[in-house]
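Please read the structure below before turning to the comments.
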């Protein structure tokens, strides 16, 4: 449905905005390398079922997400490594990995590798933006491109919420995917303060600065 | 197989 398609394209847009920023400005300043590595982990653990993905739409997006994320990490770790400031990227990701790992082991739909890894990936994605938001907090401001990147990334999962509501009412056989929905709502809540600042500042053409 | 083992969303 339209919400989901918009969400997936918003996700794709966020990746291209980020790629554009890094290549245009030849710098990855203001971007959290830790968050990018977490996203890589999210894609790998979520798309283990890539080889037998039924719909071409999903297959193409999965390949796009994995390959573009690999490229972003290459750019940040190799090509533009000097512009990477690890002193600003100090969020303790082990807490996020522990959070996702614990929930994946406690409440998977089924104790199979695929399901446990999938649950891990869903929970990890819900908190993977924290190092990036934390870094934003530290620097107090961000380039417009970085703000657009985070906004598009936040919109992707936010749009999945109406998608789930739509599916609930339109597909009689559809059962609510409680893990994805709970994590999706948590994820969107984590972006809420950013969205507010983004909306009030960037929409008025101002530079993105935290109050 | 149940619904959950067919992941139809990204």
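Residue numbers (the working numbering), protein chains in the order written: chain W, 196 to 406; chain Z, 12 to 21.
Yeah, the Cβ is synthetic: ideal placement off N, Cα and C, and Gly gets one too.
Computed from a prediction, not measured in an experiment: that's the story for all the values here.
Less than 8 angstroms divides the Cβ of residue 261/W from the Cβ of residue 242/W.
When secondary structure is reduced to three states using DSSP, residue 336/W falls in the strand class. For the 8 angstroms CB-CB criterion, residue 332/W and residue 233/W do not form a contact. Taking residue 344/W as reference, the option from 196/W, 231/W, 197/W, 199/W with the minimal CA-CA separation is 231/W. By the Cβ neighbour-count rule, residue 341/W is buried, with 16 or more other Cβ atoms within 10 Å of its own. Under DSSP, residue 204/W shares a beta bridge with no residue. The distance from the Cβ of residue 352/W to that of residue 383/W is about 6 angstroms, consistent with a contact at the 8 angstroms cut-off.
Taking a Cβ-Cβ threshold of 9 angstroms, the residues of chain Z close to residue 253/W are 18, 19, 20, 21, in chain order. With a beta-carbon spacing of about 18 angstroms, residue 300/W and residue 288/W fall beyond the 8 angstroms limit used to define contacts. At least one CB atom of chain Z sits nearer than 8 angstroms to the CB of residue 203/W.
Between the region 281-298 of chain W and the region 319-334 of chain W there are three or more inter-stretch CB-CB distances shorter than 8 angstroms, so the stretches are counted as touching.
Ranked by Cα distance from residue 337/W, the options 263/W, 253/W, 403/W are led by 403/W. The C-beta distance from residue 356/W to residue 335/W rounds to 30 angstroms, too long to meet the 8 angstroms contact threshold.
The straight-line gap separating the alpha-carbon atoms of residue 272/W and residue 279/W is approximately 8 angstroms.
Residue environment analysis places residue 368/W among the exposed positions, since fewer than 16 neighbouring C-beta atoms fall within 10 angstroms of its C-beta. Looking from the CA of residue 259/W, the closest CA among 220/W, 210/W, 315/W, 375/W belongs to 210/W. Boundaries cannot be given for residue 247/W, as no alpha helix (DSSP H) includes it and DSSP labels it neither H nor E.
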